[in-house]
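Novice: So that you can map any letter, position 582 of the sequence shown is 871 in this note's numbering, and since no number is skipped, the others follow by simple counting.
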Amino acid sequence: MLDGYRILDLTDDRGHLAGMLLAQLGAEVVLCEPPSGHRTRHRGPYVDDVADPERAIEFLVYNRGKHSVVVENPAQIAELAARCDAVISCGAFDVDLEALRAASPQLVTAAITPFGETGPKTGWAATDLTIAASSGTMSLTGDRDRAPVRIGPPQTWHNAAVDTAGAVLMALHERQTSGLGQHVDTSAQQSFVDCTQFQMMAVLTGGEVPVRLPGAVNLGGFLIPWVYECADGYVTVTFLFGPMIAPFTSRILTWACEEGFCEPELRDKDWVDFGMAIVEGRESMDTFDQAIKALTSFVATKTKAELLERALTDNLLIAPITTTADVLALEHLDVRDYWQQVEMPRAEGSAPVRLCGALAKTTGEPLADLPVAPRLGEHTARYLGGAAGPAITARPRAEAAPVGQPMERPLDDVKVLDFMWALAGPGATRTLADYGATVVKVESELKPDVLRGVHPFIGEEGGQENALQFHSINAGKMDLTLDLSLPEAREVILDLVAWCDVLTESFSPKAMENWGLTYDVLREVNPELVMFSSCLMGQTGPMRMYAGFGTMAAAIAGFYPVTGWPDRIPAGPFTAYTDYISPKLGVMLILSALAERDRTGRGQHIDFAQMEGALHFLATEFADEEINGRTAGRAGNADRHMCPHGVYPAAGDDRWVAIACETDEHWDALANLLGANADLLGLDAEGRRAHAETIDAAITAWTEPQAAADIETALQAADVPAHRVSDAADLMADPQIVARDHFLSVPHAKHGHTWVENSNFELSRTPGRPLWGGPMFGEHNMEVLEGILGYDGDKIAELVIAGALA
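Below, the structure written as structure tokens:
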């Protein structure tokens, strides 16, 4: 897809996923390393547990397909940048990105930083742990009676990296028109706010500050468990009520009733109306508690395999909580040929290793099978010259257009027909809309988007036009209501297909087929169409019809077993984790497909399985299981490389501070503040790990009497990574979040204004932002039918009479 683009990768683990995925999408990625090598070369786990910079699993996993160049001074970086289309930096090198752009005006540069490049926290010391604490996500993750926890292996940098890759592709798309580059400024804090699922905004409309619950969530006063113990481990069960979920609830209670675990009266309750019945006093919470108890007892008698099999045959919202070993053994991934076989630096005769495979399946050029990560400096001579011959001297391989008229926003020329619903799909088209794409969202009042009925609400009132989640994730889109069961509505869709560049959908695989809107049909109308299909498990394979939510994909992808405390049930990430990262990956895929279309004139169909995309965020853990047989598990807030590394109590109720010592200097500064005993001073990482309990006790004694803000201030003054664990109230008052306008008041047709979250990154020359809140039903019917399609009054009247606009 990205053939012709050359990317200069100046990242370490704070961004290396971006370069790897861009390489998989077809770009030539040049990785700069210092003479000592990328820092992940010097930390385990290692292949076959042999400590060697060429056998470091994290490096091998996230730098596949890249070209390694050893650089020793800024002049060499500038020389390389002049021959590239884009540069991605994270602070691993001291580089002046503005100077690089001045020397090469067509160059796109990007910086991944903890808090962004503007605002009062720009220079704050930070690690994955402290960024997670700053984002609000950690306040929602873990057990209520213990310290909050992060999501297993580091996730904040991965989220920021994928956001950055998408932003770079936007800037390159705009460059085709203007001939000019620009700068991308990504805040890892803002990227990870995505993982709160808009719950932070509840306080903006008078709601309560949400709190963490292990394996559960509080929805409007209902404590809804997600995690249930079964006969051989754990599963997630989505047990809710309302028109969208009630049929699933009835089906699982029917099964439980068949086996004697609940009474028919409970099975036969009106679960569609149950929430309103509670509010009006027609039902009691005792009924709900009885159902949860019955379900708990029933599930405990079944294995993960039995529950999954029945979920597939009876369409139940049940997902096994899989370990890294379980994921590697999943038949569905084998049938879809997901894993890539890669030769690794092992003993002679060793078999290839399975590593995470293609981000998606496409009808165009397949995504690249990435070779093993390069040896240190393997390609230095190719790019910088030397004894082996002259360096590559060509201008960027993807030639920028002559300087022309820049667009106001980078995607102003992109037109999207959007069939997305819920979270994982609409998040991608929301980002496209922020940056200029015209997005027409198709829905029906007969089958409303599930997010129209999900908390938090404006004024805490229910109602399909009041949901803040819907308002935010569909901001900037136009809304067209159609009853797709009618032939007249289908004709409207085909006219819009002829108009659009991209069609997106996130239904189960049979939905578009049932409407007669498969890719084969649509490309007859528009041969250049890019169709993006996003669902839990993909369009093919034995689990293709497995419908559900991101809680389930997160469970199957392995995020639950690595999040929480080893002596407790898997806490899991806050609800639907794959729904938060899938849109970022979707933006990359859509923009890459548009780049291929612009180059070749060909459209394509992208089959994106949300679960498969998410596996890249745990790629090291899967490789460690595959190579060393080590199954990843829960470790609270302990870290493989840093010590101390934890969340410590502060004065007040449920107040905490995250502190991480990444270097010996961090520890020396912290030890001085603690007044640590002489035997703890000057310890290296290994020594600190040996005394971890004593150090944690000393830190706790120091933090417990102090206010979180005071601890944070003292540690940042000493350049020690630290941040309070921000809850919703803290986040709204965070001067960094305020300075970067992360929560915005935007126009709304019913309420006058509503609240939405802003973009996670900023483009220097063609910025974007949401222009209005999620639309009302049919708000833009006339705008679309008259303005876009050119229908006259008679044609629209015919559609109204036929009932198509419903």
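Think of the CB as a built atom: it goes at the ideal place given N, C-alpha and C, for glycine as much as any other residue. Please read all numbers here as calculations on a predicted model, not as lab measurements.
Measuring CB atoms only, is the region 725–741 touching the region 880–900, in the sense that at least three cross pairs come out at less than 8 Å?
Specialist: In this structure the region 725–741 does not lie against the region 880–900, because fewer than three pairs of beta carbons, one per stretch, are closer than 8 Å.
Novice: Kindly indicate which residue of GLY304, HIS327, GLY890 has the alpha-carbon position closest to the one of ALA399.
Specialist: Per the Cα distances, GLY304.
Novice: Contact between the region 541–554 and the region 624–636: three or more CB pairs below 8 Å?
Specialist: No, the region 541–554 does not touch the region 624–636.
Novice: What would DSSP say about ASP772, mapped onto helix, strand or coil?
Specialist: coil
Novice: Could you tell me the distance, in whole angstroms, from the CA atom of GLY308 to the CA atom of ASN803?
Specialist: So the alpha carbons of these two residues sit roughly 38 Å apart.
Novice: Ordered along the chain, which non-local residues of its own chain (more than five positions away) have a Cβ less than 8 Å from that of MET533?
Specialist: VAL739, GLY742
Novice: Pop quiz: GLY455 and MET877 are said to be a contact at Cβ under 8 Å. What is the actual Cβ separation, rounded to whole angstroms?
Specialist: 5 Å
Novice: Between which two residues does the beta strand (DSSP E) harbouring LYS704 extend?
Specialist: 704–708
Novice: Distance check for GLY522 and ALA921, CA to CA, integer angstroms please.
Specialist: 15 Å
Novice: The beta strand (DSSP E) with LYS507 in it runs from where to where?
Specialist: Residue identity differs from the one stated: residue 507 is Asn in this sequence, not Lys. It spans 505–508 - the beta strand (DSSP E) in which ASN507 sits, taken as one unbroken run.
Novice: Go to GLN995, then tell me how far its beta strand (DSSP E) extends in each direction, as first and last residue.
Specialist: Premise fails: GLN995 is in no beta strand (DSSP E) and is neither H nor E.
Novice: What number of angstroms, rounded off, separates the C-alpha of ALA316 from the C-alpha of ALA1022?
Specialist: One alpha carbon belongs to ALA316, the other to ALA1022, and they sit about 41 Å apart.
Novice: Is there at least one Cβ from chain C nearer than 8 Å to ALA967's Cβ?
Specialist: Absent from the structure is chain C; it holds one protein chain and no more.
Novice: So if DSSP puts GLY564 in a beta bridge, which residue, or which two residues, is it bridged to?
Specialist: Per DSSP, none; premise fails for GLY564.
Novice: Exposed or buried, what is THR840 when buried is set at 16 or more other beta-carbons lying within 10 Å of its beta-carbon?
Specialist: buried
Novice: Unbroken alpha helix (DSSP H) runs of length 4 or more, entirely within the region 1007–1059: which are they?
Specialist: 1017–1022, 1024–1028
Novice: Suppose contacts are defined by Cβ-Cβ distances below 8 Å. Is VAL731 in contact with ASP707 by that definition?
Specialist: yes
Novice: Would you call the CB atoms of LEU617 and GLU1001 closer than 8 Å?
Specialist: no
Novice: Using DSSP bridges, identify the partner residues of ALA399.
Specialist: ILE377, VAL473
Novice: How is PHE746 classed by DSSP in three states: helix, strand or coil?
Specialist: strand
Novice: Using the Cβ count rule (16 or more neighbours within 10 Å means buried), how would you classify LEU512?
Specialist: exposed
Novice: Mapping the DSSP letters down to three states, classify GLY935 as helix, strand or coil.
Specialist: In the structure shown, GLY935 adopts extended strand secondary structure according to DSSP, grouped into three states.
Novice: Starting from LEU523 and walking both ways along the beta strand (DSSP E), at which residues does that stretch end?
Specialist: Looking at the sequence itself, residue 523 is Tyr, so the reference to Leu does not match. Residues 522–526.
Novice: Once DSSP output is grouped into helix, strand and coil, what is the label at MET826?
Specialist: The three-state reading of DSSP puts MET826 in coil, since its state is none of H, G, I, E or B.
Novice: Use the C-beta contact count for LEU819: other C-beta atoms within 10 angstroms, 16 or more gives buried, fewer gives exposed.
Specialist: Looking at the sequence provided, one finds Val at residue 819 rather than Leu. Buried, because 16 or more other Cβ atoms sit within 10 Å of the Cβ of VAL819.
Novice: So, for ALA370: in the same chain, excluding its five sequence neighbours on each side, which residues have a beta-carbon less than 7 Å away from its beta-carbon?
Specialist: Cβ neighbours of ALA370 within its own chain (closer than 7 Å, five residues either side excluded): LEU297, VAL376, LEU389, SER393, LEU396.
Novice: Curious, which full-length alpha helix (DSSP H) runs of at least 4 residues does the region 894–918 contain?
Specialist: Under the rule that a run must span 4 or more residues, the alpha helix (DSSP H) segments found entirely inside the region 894–918 read 899–904, 908–917.
Novice: So VAL360 is in the alpha helix (DSSP H); what residue range does that whole segment cover?
Specialist: Taken as a continuous stretch (DSSP letters only), VAL360 belongs to no alpha helix (DSSP H), as it is neither H nor E.
Novice: Going straight from the alpha carbon of LEU769 to that of GLU794, what length do you get?
Specialist: 15 Å
Novice: Where does the unbroken alpha helix (DSSP H) through PRO1104 begin, and where does it stop?
Specialist: As displayed, the chain neither begins before 290 nor continues past 1095, which places residue 1104 out of reach and without an answer.
Novice: Using a Cβ-Cβ cut-off of 6 Å (strictly less than) and excluding sequence neighbours within five positions of ILE440, which residues of its own chain qualify?
Specialist: Only THR852, PRO862 meet the Cβ criterion.
Novice: Three-state secondary structure (DSSP) at ILE948?
Specialist: strand
Novice: Identify, in the order they occur along the chain, each residue of the same chain with its Cβ nearer than 7 Å to the Cβ of GLY875, setting aside the five sequence neighbours on each side.
Specialist: ALA717, PHE821, SER823, PHE897
Novice: Taking the straight line between their C-alpha atoms, what separation do you get for HIS621 and GLY748?
Specialist: 44 Å
Novice: Specify the secondary structure class of PHE587 as computed by DSSP and reduced to three states.
Specialist: helix
Novice: Note the first and the last residue of the continuous alpha helix (DSSP H) segment covering VAL350.
Specialist: 346–351
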